[in-house]
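Student:
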Amino acid sequence: MPGAKLAFIGESGSGKSTLLELLAMILRPTESDVFSFCPRSQDDNHDIVAAWQAEDVDLLSDLRSRHIGYVLQYGGLLPYLTVRENINLSWRLLHGPGEDVAEHWATRLRIAAQLDKRPAELSVGQRQRVAIARALAHNPTVLIADEPTAAIDPLNAERIMELMVGLVDELGVTLIVASHAHQLMQRAGLSMIDHRIDASDPKSMRVTVSYAA
Amino acid sequence: MSACFVLSLSAVLLPLLVLFGLKFGIIGNLLEPIKQDPRYLQILPAGSGSYGPDWFEAMSARSDVAFIVPRTRAIAATMRLRAQDTDTGRIINVELIPSATGDPVLNGLEPPQGYETVALSKDAADKLGVSAGDTLEGILSRTLGGEQQTELLPLTVTAVASAAAFARDGMFVSNDLLVAVEDFRDGRSVGALGWSGATATEGPRYFAGFRLYARSIDDVAGLRDGLMKQGIDVRSRLADIELVQSLDRNLSIVFWIIAGIAAVGYGLAFGSSVWANIDRKRRDFSVLRLTGFRTRGIVWFPILQAMLTGVLGWLVAALAYFVVQAALNSLFADNVGGASVCRLLPVHFIASLVLTLAAASIAAALGGRRLARLEPSLALREA
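As structure tokens, then:
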């Protein structure tokens, strides 16, 4: 679903993060029926379950670096790198050192003045903007955000959601957000998705996702 | 990993280096001279014997023999000396000590050669008022057929041995001169010096004694036993040697125990800090993996970082060690007569670097393996 903007809504402990981690291919599924990743078209098909079973973690790493941008609840910035270096990280992993794409993204996310500071000098909201810039800097197919605004005041949260949605619309990136802020997601124009967790056996969590387009 | 880590690493390594420095300084520089002392290495024949060229050849071929020269009868091995260029005019009687290249008593001084050059003991040189480079006149007398005969022999002093080397009036001479003096005393002719007398006897020459020095103090016992087995009664300082040996052995054992404990402790201390440092970075590693870095690539990072820290810490410790070494050596300089109490060889620095890198790489590899096995999602949830 290229360009789709989806939101998983639920209280903490409802399995949102688990679901996003599975989608981001950083959590090994204990059991799965079908999970294939088709970044461009149905023909460009990667069987993620098979990759996990074959321990082909390099394939997963490569898919992540190419197609996925991930925004964590607390930014997940590297404290010893500047904002500029943090933003460049994902892009340079793919294309090697050289070009500086941080300026562009910092301008888009209105943090250009913070480029040469370290994350510790920034406010939480600014850190989230840096995290979004880093998640988008390498032109991913999918942007995954786990509670991107939970640690930010409502006013700022609204602005950041607007910025993020504006950018993914413009870039045609699929957006998947996990949040407990139902109204905020609705106002930002995201489609709500139901996910159900079979809690009968907590050791092997089963997630059923249903989506009405 | 920071400057703090580098400093804490060198703080643990420095005492270990100093300890080793003291071990090698004290054992190496204070015991080594004792172990090299010719007085301990010498083996003296107890009586007079008869030793031919074959015997000397066989003895000097032995690996535990450092130096051996023939000695003539003590009664024949003396000479009167008069200094040439001084006003003292004093004549002294000296013992002749056979010498040659490698004589441990001369300790690197130029050995006497042929019939012209000799080395004097300190006492003899002082009494004659001569030093190296001066000339002497040797005076030899014999009574042959009721007639008093005297020969004068011009000699050049090439070296003066230390007072410790020979405590009486003595002159180190070559085998040629020693044999010539014995021949003269025995009434035989010495062609090379133009001295007349009875024709020298044919056949191999036999000597009454020898000057023998073992290669090391550890060789003295075996050498003595070998000579005893040949029926040659000898005197040595085995009792003193055993004292030195046990002192050396026990000191070494004590040092190695302390150093062993310190080295293991150092390895563990450094290894666990590397491990802890890697563990602290779990979240950052997870972020890197989330960004799409390959696991193998980022696991190299802490290993290289640990190595770099190890090398830097080692470097700081080595530099600090030199300061401590200089301080210790100047502090104790008076007590040990200029020898250094603290000293390390290049091989010790290399060994400590290898230990450092081994501890770093083992700990980093274990920590890295743990990181690699970690599900990236787990560390991400640790806020």
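Protein chains in written order, with the numbering used here: chain A, 631 to 843; chain B, 415 to 797.
Virtual Cβ for every residue (Gly too), placed ideally from N, Cα, C.
DSSP three-state call for Ile-441(B): helix, strand or coil?
Tutor: Three-state result, Ile-441(B): helix.
Student: Tell me the DSSP secondary structure of Ile-656(A) in three-state form.
Tutor: Reduced to three states, the DSSP call for Ile-656(A) is coil.
Student: Relative to the C-alpha of Leu-607(B), which residue among Leu-566(B), Phe-586(B), Val-574(B) and Ala-575(B) is closest?
Tutor: Selected option, being the one with the closest Cα: Leu-566(B).
Student: Name the DSSP bridge partner or partners of Pro-716(B)?
Tutor: Answer is none; Pro-716(B) lacks a bridge partner.
Student: What does Phe-707(B) reach in chain A if we use C-beta pairs closer than 8 Å?
Tutor: Within 8 Å Cβ-Cβ: Ser-691, Ser-695 and Leu-723.
Student: Give me the chain A residues within the contact set of Arg-757(B), using Cβ-Cβ distance strictly less than 7 Å, ordered along the chain.
Tutor: Result: empty, since nearest Cβ-Cβ is about 41 Å, beyond 7 Å.
Student: Within the same chain, show all residues whose beta-carbon is closer than 6 Å to that of Ala-775(A), passing over the 5 residues directly before and after it, in chain order.
Tutor: Taken in chain order, the residues that qualify are Val-701 and Val-807.
Student: Report the three-state DSSP secondary structure of His-812(A) (helix, strand or coil).
Tutor: His-812(A): helix per DSSP, three-state reduction.
Student: Taking Cβ-Cβ distances below 9 Å as the criterion, which residues of the region 688-713 of chain B are in contact with chain A?
Tutor: Cβ contacts with chain A come from Arg-697, Asp-698, Ser-700, Val-701, Leu-702, Arg-703, Leu-704, Thr-705, Gly-706, Phe-707, Arg-708, Thr-709, Arg-710 and Gly-711.
Student: So the beta strand (DSSP E) Ala-628(B) belongs to, where does it begin and stop?
Tutor: Note, Ala-628(B): beta strand (DSSP E), 623-628.
Student: Near Gly-633(A), which residues of its chain fall below 7 Å by C-beta distance, leaving aside the five closest residues on each side in sequence?
Tutor: These residues qualify, in order along the chain: Gly-802 and Thr-804.
Student: So, Thr-572(B) versus Glu-524(B), is the Cβ gap smaller than 8 Å?
Tutor: In this structure, Glu-524(B) lies closer than 8 Å to Thr-572(B) by Cβ.
Student: Relative to the C-alpha of Arg-696(B), which candidate in Tyr-680(B), Gly-681(B) and Val-713(B) has its C-alpha closest?
Tutor: When only C-alpha atoms are compared, the closest one is Val-713(B).
Student: May I ask you to list the residues that DSSP assigns as paired with Ile-553(B)?
Tutor: Ile-553(B) pairs with Arg-494(B) and Leu-566(B).
Student: Is it true that the CB of Ser-650(B) sits closer than 8 Å to the CB of Arg-638(B)?
Tutor: Yes. Within cutoff.
Student: Output, in chain order, the set of chain B residues within a Cβ distance shorter than 9 Å of Gly-726(A).
Tutor: Ordered by position in chain B, no residue passes the 9 Å Cβ test against Gly-726(A), which lies about 13 Å from the chain.
Student: I'd like to know whether the C-beta atoms of Ala-514(B) and Asn-589(B) end up nearer to each other than 8 Å.
Tutor: Against a cut-off of 8 Å, the Cβ pair of Asn-589(B) and Ala-514(B) comes out as a contact.
Student: Hey, Ile-741(A) and Val-754(A): beta-carbon distance below 8 Å or not?
Tutor: Contact: no.
Student: Using the beta-carbon of each residue, which ones in chain B are nearer than 9 Å to Asp-688(A)?
Tutor: In chain order: Arg-708, Thr-709 and Arg-710.
Student: Between Gly-522(B), Leu-592(B), Ala-577(B) and Gly-560(B), which lies nearest to Glu-509(B) when the distance is taken from Cα to Cα?
Tutor: For the residues Gly-522(B), Leu-592(B), Ala-577(B) and Gly-560(B), the minimum Cα distance to Glu-509(B) belongs to Leu-592(B).
Student: How many Å lie between Glu-641(A) and Arg-710(B) at the Cα?
Tutor: If you take the alpha carbons of Glu-641(A) and Arg-710(B), they lie about 36 Å apart.
Student: Give, in chain order, every unbroken run of the alpha helix (DSSP H) that is at least 4 residues long and sits entirely within the region 680-763 of chain A.
Tutor: Those alpha helix (DSSP H) runs which fall completely within the region 680-763 of chain A and span 4+ residues are 687-697, 713-725 and 732-738.
Student: Chain B partners of Ala-654(A), CB-CB under 8 Å?
Tutor: Within chain B, the residues near Ala-654(A) are Leu-704.
Student: Starting from the C-beta of Gly-727(B), find all residues in its chain whose C-beta is less than 6 Å away, skip the five residues before and the five after it, and write them out in chain order.
Tutor: Val-420, Leu-423 and Ser-424.
Student: Can you check DSSP and say which residues form a bridge with His-676(A)?
Tutor: DSSP output for His-676(A) lists Phe-667(A) as bridge partner(s).
Student: Where do the N-terminal and C-terminal ends of the beta strand (DSSP E) with Lys-399(B) fall, by residue?
Tutor: The requested residue 399(B) is not part of the displayed model; chain B covers only 415 to 797.
Student: Just curious, the beta strand (DSSP E) that Val-532(B) is in, first and last residue?
Tutor: First-last of the beta strand (DSSP E) with Val-532(B): 531-534.
Student: Skipping 5 residues on each side, what residues in its chain have a beta carbon closer than 8 Å to that of Asp-746(A)?
Tutor: The answer, listed in chain order, is Thr-712, Val-713 and Arg-714.
Student: Going straight from the alpha carbon of Phe-715(B) to that of Arg-708(B), what length do you get?
Tutor: C-alpha separation (whole angstroms): 12 Å.
Student: If you measure from the beta carbon of Gly-706(A) to each beta carbon in chain E, is any gap under 8 Å?
Tutor: Checking the listed chains, one finds no chain E in this structure; the protein chains it contains are A and B.
Student: Along the region 786-807 of chain A, what residues have a CB closer than 8 Å to any CB found in chain B?
Tutor: So the list is empty, because no residue satisfies the distance condition.
Student: Specify, as a first and last residue, the run of the alpha helix (DSSP H) that Gln-450(B) falls within.
Tutor: Gln-450(B) -> alpha helix (DSSP H) spans 446-450.
Student: Out of Arg-696(A), Phe-667(A), Leu-636(A) and Ile-678(A), which has the shortest C-alpha to C-alpha gap to Pro-770(A)?
Tutor: Taking only the C-alpha atoms, the option nearest Pro-770(A) is Arg-696(A).
Student: So with CB distances below 7 Å, who are the chain B contacts of Leu-719(A)?
Tutor: Within 7 Å Cβ-Cβ: Thr-705.
Student: If you draw a straight line from the alpha carbon of Glu-800(A) to that of Leu-766(A), how long is it in whole angstroms?
Tutor: Going by the C-alpha atoms only, they are around 12 Å apart.
Student: Ignoring anything shorter than 3 residues or poking outside the region 567-615 of chain B, list the beta strand (DSSP E) runs there in chain order.
Tutor: For the region 567-615 of chain B, whole beta strand (DSSP E) runs of length 3 or above, ordered along the chain, are 584-587.
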